[in-house]
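In my numbering, each number is its position in the sequence shown, counted from 1, plus 61. By construction, the Cβ of each residue, glycine as well, lies at the ideal position given by its N, Cα and C atoms. Remember, it's a predicted structure, so these values are computed and weren't measured experimentally.
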Amino acid sequence: MRETHARYAGLTDGAVADYIPKLAEADPDWFGISLASATGRSFSVGDAQQEFSIQSISKAFVYALVCESLGHDLMRERIGVNNTGLPFNSVMAIELNGGHTMNPMVNAGALATTGLVPGDSWEEKWDYIHRGLSAFAGRDLELDEEVFASEMETNLRNMGIARLLQSYGHISIDPMRVTELYTRQCSLRVTTEDLARMGATLADGGTNPVTGAEVVSPAVSRDVLAVMATTGMYEASGDWLFEVGMPGKSGVAGGIVTIAPGKGSLATFSPPLDAAGNSVRGIRATRHLSHMLGLNLFSSTAQPG
Ligand code: GLN
């Protein structure tokens, strides 16, 4: 891990996201890597204690929680599992698919998923998300109020997507409140250590290997990892799977979580992003570690390379 960090720390490609004004303040040099095993061990290098907003990585974990309550068939029918081939905030992806969302890892499907979160009030729904994501991490995650306020001020596109989904009957509660709830889940603060533990919980069939909490079932974990593999890196999910060979999920603040089922999880944080919105150093570092540790799921042997 130290060698991987040193190898890519000097890479300066990519640009820090600025469409959410607060995110533009991130230091482009921040670079952390963490690994958490499904047996509860963890290792970190670099800026692994630096907090950042979870952003789209929350989509995978909220999807897991909603799958746990609504089940495999309903979620497949309601949200979908196929790649859009389009950017994460695409409106065309909805229009081209007859008004249906295509998967839970891009904004349309994530907004629809958040619209299905159980709870009689907005407070209960938020509590469900906050508590669930904290259980994945094994500690109480805090909201980044500044990132939340900054995104709420510039959230027109997500509001538009939520309204469009409402027009097609795919959001049945107040779409503006759903957008707010979704933005709130994206604004939870994590470190790579948290993300690695969240990933290790999915790697361990839904049981947090440190706290022992059964957050979701093994069947739900398997479903989430499948949909992460096809869609977790948006339109670049094919490139990612080809190079890394494991399910991963990125966020615009610069985080990526990658899961080796049954083994554990890798998490990276580095703010500069490529054109698809995925962390440049994160992709390179994860690919390198996947090769070095023999983690590619499609390899017939667990040998490096
Ligand atoms: N909150 C962000 C948005 O909706 C999340 C996007 C992302 O991380 N790709 O635009």
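Inset, instruction - May I ask you to list the residues that DSSP assigns as paired with Ser95? - result: By 1-based counting over the sequence shown, the position of residue 95 is 34. Ser105, Ala328.
Legend entry - Residue closest to Asn143, alpha-carbon to alpha-carbon, out of Leu356, Thr291, Ile320, Met307: One-based indexing of the sequence shown puts residue 143 at position 82. Nearest of Leu356, Thr291, Ile320, Met307 to Asn143, Cα basis: Thr291.
Inset, instruction - Tell me, please, whether the region 315 to 326 touches the region 339 to 350 by the rule of three or more beta-carbon pairs shorter than 8 Å. - result: yes
Inset, instruction - Return yes when the Cβ of Ser248 is within less than 9 Å of the Cβ of Leu204, no when it is not. - result: Here the question's residue 204 lines up with position 143 in the sequence shown. Here the question's residue 248 lines up with position 187 in the sequence shown. Cβ distance < 9 Å, so Leu204 and Ser248 count as in contact.
Legend entry - Own chain partners of Ala99 with C-beta closer than 7 Å, once the 5 adjacent residues on each side are dropped: By 1-based counting over the sequence shown, the position of residue 99 is 38. So the list reads Ala261, Ala264, Asp265, Pro270, Gly323, Lys324, Gly325, once near-sequence residues are dropped.
Legend entry - Option nearest Ile81 by Cα separation, candidates Ala210, His66, Asp181, Glu184: Start at 1 with the first residue of the sequence shown, and residue 81 comes out as number 20. Of the candidates Ala210, His66, Asp181, Glu184, the one whose C-alpha sits nearest the C-alpha of Ile81 is Ala210.
Legend entry - Heavy atom of ligand 1 within 8 Å of Thr329 beta-carbon: As a position in the sequence shown, residue 329 is number 268, starting the count at 1. Checking every heavy atom of ligand 1 against the Cβ of Thr329, none is found closer than 8 Å.
Legend entry - Beta-carbon proximity list for Asp79, same chain, < 6 Å, skipping 5 on both sides: What you label residue 79 is simply residue 18 of the sequence shown in a count that begins at 1. Counting only Cβ-Cβ distances below 6 Å, and skipping sequence neighbours, we find Ala85.
Inset, instruction - Measure the Cβ-Cβ separation of Thr252 and Ala109 and say whether it is below 9 Å. - result: Position 191 of the sequence shown, counting from 1, holds the residue named residue 252. Position 48 of the sequence shown, counting from 1, holds the residue named residue 109. It is a contact, given that the beta carbons lie within the stated cut-off.
Inset, instruction - Using only the heavy atoms of ligand 1, determine whether one of them is closer than 8 Å to the beta carbon of Tyr243. - result: Looking up residue 243 in the sequence shown gives position 182. Under cutoff, so the answer is yes.
Legend entry - Identified DSSP bridge partners for Thr291: To locate residue 291, count along the sequence shown from 1; it is residue 230. In DSSP, Thr291 forms no bridge with anything.
Legend entry - Beta-ladder partner(s) of Leu249, from DSSP: As a working note, residue 249 is residue 188 in the sequence shown. In the DSSP output, where bridge partners are listed per residue, Leu249 has Leu204.
Legend entry - Inter-residue Cα distance where the pair is Pro333 and Val167: Working through the sequence shown from its first residue, we reach residue 333 at position 272. Working through the sequence shown from its first residue, we reach residue 167 at position 106. About 19 Å.
Inset, instruction - Buried or exposed for Leu242, please, with buried defined as at least 16 other CB atoms from any protein chain shown within 10 angstroms of its CB. - result: Position 181 of the sequence shown, counting from 1, holds the residue named residue 242. That one is buried.
Legend entry - Best match in Gly309, Ala328, Val305, Phe149 for proximity to Phe359 [C-alpha to C-alpha]: The sequence position of residue 359 within the sequence shown is 298, counting from 1. Looking at the Cα atoms, Val305 is the closest of the given residues.
Legend entry - Rounded straight-line distance, which links the Cα of Leu72 to that of Glu206: The sequence position of residue 206 within the sequence shown is 145, counting from 1. The sequence position of residue 72 within the sequence shown is 11, counting from 1. In a straight line, the C-alpha of Glu206 is about 31 Å away from that of Leu72.
Inset, instruction - Find out if the Cβ-Cβ distance for the pair Ile115, Gly107 is shorter than 9 Å. - result: By one-based count along the sequence shown, residue 115 stands at place 54. By one-based count along the sequence shown, residue 107 stands at place 46. No, they are not a contact pair.
Legend entry - Cβ neighbours of Ile344 in the same chain (closer than 6 Å, five flanking residues each side left out): Against the sequence shown, residue 344 aligns to sequence position 283. Contacts found: none.
Legend entry - Close beta carbons around Asp255, own chain, < 6 Å, minus the five adjacent residues each side: The sequence position of residue 255 within the sequence shown is 194, counting from 1. Around Asp255: Ala198.
Legend entry - DSSP state of Glu275 mapped onto helix, strand, coil: Position 214 of the sequence shown, counted from the first residue, corresponds to residue 275. Three-state DSSP puts Glu275 in a strand.
Legend entry - Those residues which DSSP pairs with Gly75 across a bridge: As a first step, residue 75 is located in the sequence shown; it is residue number 14 there, counting from the start. Paired residue(s): none; Gly75 is not in a bridge.
Inset, instruction - Starting from Val123, trace the alpha helix (DSSP H) both ways and give me its first and last residue. - result: Locating residue 123 in the sequence shown gives position 62, counting from the first residue. Looking at the DSSP string, the run of the alpha helix (DSSP H) that includes Val123 is 118 to 131.
Inset, instruction - Compute every distance between the C-beta of Glu212 and the non-hydrogen atoms of ligand 1, then say whether any falls below 8 Å. - result: Position 151 of the sequence shown, counted from the first residue, corresponds to residue 212. Yes, the Cβ of Glu212 comes within 8 Å of a heavy atom of ligand 1.
Inset, instruction - Compare the C-alpha of Pro148 against each of Asp134, Arg139, Arg137, Ala169 and name the closest. - result: In the sequence shown, residue 148 corresponds to position 87, counting from 1. Closest option to Pro148, Cα to Cα, is Ala169.
Inset, instruction - Determine the DSSP secondary structure at Phe209, reduced to helix, strand or coil. - result: Looking up residue 209 in the sequence shown gives position 148. Of the three classes helix, strand and coil, the one that applies to Phe209 here is helix, per DSSP.
Legend entry - Distance between Arg192 and Gly293 (C-alpha atoms, nearest Å): Mapped onto the sequence shown, residue 293 falls at position 232. Mapped onto the sequence shown, residue 192 falls at position 131. Cα to Cα, Gly293 sits roughly 23 Å from Arg192.
Legend entry - Beta-carbon proximity check, Ser228 vs Gly159, cutoff 9 Å: The residue labelled residue 228 in the question sits at position 167 within the sequence shown. The residue labelled residue 159 in the question sits at position 98 within the sequence shown. Going by C-beta atoms, Ser228 is not nearer than 9 Å to Gly159.
Legend entry - Assigned secondary structure, Thr174 (DSSP; H/G/I helix, E/B strand, else coil): Numbered from 1 along the sequence shown, position 113 holds the residue referred to as residue 174. Reduced to three states, the DSSP call for Thr174 is helix.
Inset, instruction - Quick one: measure Cβ to Cβ for Thr145 and Met163, integer angstroms, because I've assumed they're closer than 8 Å. - result: Taking the first residue of the sequence shown as position 1, residue 145 is located at position 84. Taking the first residue of the sequence shown as position 1, residue 163 is located at position 102. Thr145 to Met163, Cβ: 5 Å. Contact.
Legend entry - Spatially closest choice to Leu194 from Ser117, Ala223, Val152, by CA coordinates: Mapped onto the sequence shown, residue 194 falls at position 133. Looking at the Cα atoms, Ser117 is the closest of the given residues.
Inset, instruction - May I have the straight-line CA-CA distance separating Ile222 from Val152, to the nearest angstrom? - result: Indexing the sequence shown from 1 puts residue 222 at position 161. Indexing the sequence shown from 1 puts residue 152 at position 91. Taking the straight line from one Cα to the other gives about 6 Å.
Inset, instruction - State the start and end residues of the unbroken alpha helix (DSSP H) segment that holds Thr347. - result: Taking the sequence shown and counting its residues from 1, one reaches residue 347 at position 286. Counting along the chain, the alpha helix (DSSP H) containing Thr347 begins and ends at 341 to 354.
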